[in-house]
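In my numbering, the protein residues as written are 1 to 909.
So the structure is just underneath, and the comments pick up after that.
Here is the structure:
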């Protein structure tokens, strides 16, 4: 049973080279803290129950309410450390902590210092307020939605307390955060374990520990009904039969436990406490940072050059300074934070319609970049329910008699049926149940216990009398194959009861092992007709049994799992199963859903590998089994070190560290709190099909974001290059600073429709990641194309329209303004697709509408009432045929360059 324990593994990872990173040091602190808590719990487990109560100053009647209040004040609420969203003002400040916003604020301050009345200050301030404000609002709303989801979790438990000294005990429900050390907690089927408990009384208790151990089936805890001297069989607190740990739940039986630790002092809390805090940088974070500083560095180089050229050639250094500031704004994708936020917000809304809650907006783009998905099999590839797959006789042939006896055992046992009992019952229809109730009646039961690993019922065959007219009783035993076979002396063969010879025993064992190798969990069923029927039976009666056969159980694959995996593979995503379950079960399930299993690697094997060896192994391994939480996180980091963008889908405390280390952590709304806190995305359905749709949405969001960056960067670079040429050879400013700002504002507003654009189907088939170098290469390749036609327009305005003196500079500036804005706006359609625009790929209607509005605005401004204040003059009608010719030539050359670029670099967006 793989799990994080205080003793195994002793190290988080094999020794590596160099100084440990901060993340590795934090992981080591997690391991050490968990080990200390585990050692303390084992000490408690080994003490007699009465001594544990004395050490806690508690009694079997419970604390008084006054004592509970005092302890609550001393120990604090019973809550583990959780990552909490910052207050609204913290989120607001973070929304504005962006390098582009910093540049714009600086430029606006300089412009205000130069001229407080400059309209450019208002334009820049508007960009800053909208950009940060929209991002803040979207992240704030997403955080509130995630908090609302968390509040749906059950939060009460039953405790036994007294009103005061001398008063009798009373059991009642309290909020889980009000539980204190020394409290007596009453447990029944379906209860969550609210804290770390030492059992002081229990009967037939079964506990689901998958959240801590990864084991899919419940485990039996000790029956404590008499002498309680403690246990010393295991040094693992999860395996200790007299401990129940926070984060687990009761599936059957009843118990009373005394609380020995609460909150962050629990085993659960020792792991959860080290999971909060700053997350590692994701691909999205790193990509945005690299692109931002690439463009800022480029601006810092180009702006001084523009300033110097204009100052030297024109002699007006004040005007050159203002113009340089406008150029700086032109070279900065000032609306990038807003466009990214709008893209992410639209992605979040679209994903919410597909039952996906986005907690961190930038996780959407990471989801699109994901090329490896690590997931547990339970509930993702499987139905998360045990079903009876087959019922076989000792020879391995299907035999309904085995099902009949298995059903009788499951049907008549008392208490809450476990998953396998329910699976047997589900195979029998209601009509047969009525017949069974008529034919048999319950006499006694020999309950399951962990040592025997079997349970028996004794039934009376109604209407059938044995010797001397006494009732005929039959004992039916069901349990682990080895334990049941050891008690068998005979076997049913061809409907006859024959001696179980050594060869027959070997053949029966081989039948069970064959089904084990298929990944099925196998139970043996045996019977005994009692020679001397009586009212009470004991374990001693489980002897001289007759083997009937075997029940083989499976957590079946989802009907759509294979199709979902094919869909993910078609999108370029490799699925790796990382589970705490048995390797045979994992391999069987993975094979059934079409995964190429190959060699299954266990957690024990991982511990023998250093980081370099693990990186190589992780890339070629599909199934990891019996892995603990630390090993899961190591696998994620190893895959990231190989250049993969890793998603992790998990729902238990044992998944929380891996969820945080992954580029995108994915959980479900039924997960433990800390798993949901660690996740970036929460699925309301544990379904890979939903996840595939999220991947497509993530790639659409990423594609639309990178469109904006590449279009704006290349276009602005081309404009600045054109400004340098014009500044060097034209005796006046080629465009006024205010014109540059207005041109940028109109263009950027038009680009707000980008999040509503569609992406080509071919683009969505592959994972997409940030490539800062590719953006720089794209800018240097495509940007100068616009400069060619800007210079062509300069020559046309200079020679055809005689705008070649300072007196005619307004005509020159107006002509270039329209050509520059229209070329920027129309080129969007050339860049947004690898294909031929308008023919092979058309933009969405919002983009088309905004394009038309931007074009009309550009054409209208020189003729509008604002023209004079902005420095425009009306253009002659003969200008427009020249404009159309320049734009057509521009689009044609851009399409040609695009074709050559794709042929050389095999990429576009």
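C-beta atoms are modelled at their ideal positions from N, C-alpha and C, and glycine is treated no differently.
Pair within 7 Å by beta-carbon distance, residue i and residue j
{"i": "residue 650", "j": "residue 659", "result": "yes"}
{"i": "residue 593", "j": "residue 556", "result": "no"}
{"i": "residue 68", "j": "residue 180", "result": "yes"}
{"i": "residue 589", "j": "residue 381", "result": "yes"}
{"i": "residue 609", "j": "residue 631", "result": "no"}
{"i": "residue 525", "j": "residue 424", "result": "no"}
{"i": "residue 459", "j": "residue 516", "result": "no"}
{"i": "residue 745", "j": "residue 871", "result": "no"}
{"i": "residue 160", "j": "residue 62", "result": "yes"}
{"i": "residue 842", "j": "residue 908", "result": "no"}
{"i": "residue 591", "j": "residue 600", "result": "no"}
{"i": "residue 339", "j": "residue 754", "result": "yes"}
{"i": "residue 76", "j": "residue 370", "result": "no"}
{"i": "residue 422", "j": "residue 457", "result": "no"}
{"i": "residue 366", "j": "residue 664", "result": "yes"}
Of the residues the options, the one placed nearest residue i, counting alpha carbons only
{"i": "residue 326", "options": "358, 733, 577", "result": "733"}
{"i": "residue 890", "options": "909, 827, 881", "result": "827"}
{"i": "residue 689", "options": "573, 775, 721", "result": "573"}
{"i": "residue 294", "options": "567, 714, 187", "result": "714"}
{"i": "residue 940", "options": "40, 59, 97, 123", "result": "It is not possible to answer for residue 940, since the shown part of the chain is limited to 1 through 909."}
{"i": "residue 242", "options": "703, 207, 684, 128", "result": "207"}
{"i": "residue 51", "options": "200, 159, 483", "result": "200"}
{"i": "residue 726", "options": "389, 757, 795", "result": "795"}
{"i": "residue 931", "options": "168, 158, 188, 166", "result": "Because the chain is modelled from 1 through 909, residue 931 falls outside the range shown and cannot be assessed."}
{"i": "residue 728", "options": "501, 749, 308, 129", "result": "308"}
{"i": "residue 701", "options": "30, 362, 684", "result": "362"}
{"i": "residue 232", "options": "43, 404, 751", "result": "43"}
{"i": "residue 803", "options": "873, 763, 840", "result": "873"}
Classification of residue i by the beta-carbon crowding that lies within 10 angstroms, buried from 16 upward
{"i": "residue 113", "result": "exposed"}
{"i": "residue 523", "result": "buried"}
{"i": "residue 70", "result": "exposed"}
{"i": "residue 905", "result": "exposed"}
{"i": "residue 106", "result": "exposed"}
{"i": "residue 810", "result": "buried"}
{"i": "residue 643", "result": "exposed"}
{"i": "residue 894", "result": "buried"}
{"i": "residue 251", "result": "buried"}
{"i": "residue 129", "result": "exposed"}
{"i": "residue 559", "result": "exposed"}
{"i": "residue 819", "result": "buried"}
{"i": "residue 368", "result": "buried"}
Three-state secondary structure assigned by DSSP to residue i
{"i": "residue 906", "result": "coil"}
{"i": "residue 98", "result": "coil"}
{"i": "residue 186", "result": "strand"}
{"i": "residue 411", "result": "helix"}
{"i": "residue 199", "result": "strand"}
{"i": "residue 31", "result": "helix"}
{"i": "residue 893", "result": "helix"}
{"i": "residue 953", "result": "Here the chain covers residues 1 to 909 and nothing more, so residue 953 does not appear."}
{"i": "residue 437", "result": "helix"}
{"i": "residue 837", "result": "strand"}
{"i": "residue 331", "result": "helix"}
{"i": "residue 864", "result": "coil"}
{"i": "residue 476", "result": "strand"}
Proximity test, residue i beta-carbon vs the ligand SAM heavy atom, cut-off 6 Å
{"i": "residue 131", "result": "Inclusion of the ligand SAM in the displayed structure is not the case, the ligand content being empty and no account of it being possible."}
Any C-beta of chain D under 7 Å from that of residue i
{"i": "residue 635", "result": "Any reference to chain D falls outside this structure, which holds one protein chain only."}
Would you say the region 191-203 touches the region 242-258, given that touching needs at least three Cβ pairs under 8 Å? Between the region 191-203 and the region 242-258, the count of C-beta pairs closer than 8 Å reaches three or more; the two stretches touch.
Between the region 396-411 and the region 472-488, do three or more beta carbon pairs fall short of 8 Å? Taking 8 Å as the limit for Cβ pairs, the verdict is that the region 472-488 does touch the region 396-411.
Segment contact flag, the region 766-784 with the region 861-879, C-beta cutoff 8 Å, min 3 pairs: Because the criterion of three Cβ pairs below 8 Å is not met, the region 766-784 and the region 861-879 do not touch.
The region 886-897 touching the region 820-836, judged by at least three CB pairs closer than 8 Å: These segments touch.
With three or more beta-carbon pairs closer than 8 Å as the criterion, would you say the region 614-627 touches the region 345-361? No, because fewer than three Cβ pairs between the region 614-627 and the region 345-361 fall closer than 8 Å, the two stretches do not touch.
Is the number of C-beta pairs between the region 483-495 and the region 547-556 that are closer than 8 Å three or more? Remark: three or more beta-carbon pairs, one from each stretch, lie closer than 8 Å, so the region 483-495 and the region 547-556 are flagged as touching.
Would you call the region 506-521 and the region 389-400 in contact, with 3 or more CB pairs under 8 Å? Taking 8 Å as the limit for Cβ pairs, the verdict is that the region 389-400 does touch the region 506-521.
Is there contact here, the region 896-903 with the region 797-813, by at least three beta-carbon pairs under 8 Å? Segments in contact, no.
Contact between the region 692-708 and the region 720-738 (3+ Cβ pairs under 8 Å): Because the criterion of three Cβ pairs below 8 Å is not met, the region 692-708 and the region 720-738 do not touch.
Whether or not the region 662-670 and the region 303-321 are in contact is what I'm after, with contact meaning three or more pairs of Cβ atoms, one per stretch, closer than 8 Å; do they touch? No: fewer than three Cβ pairs fall under 8 Å.
For the region 766-780 against the region 846-857, are there 3 or more C-beta pairs whose distance is under 8 Å? These segments do not touch.
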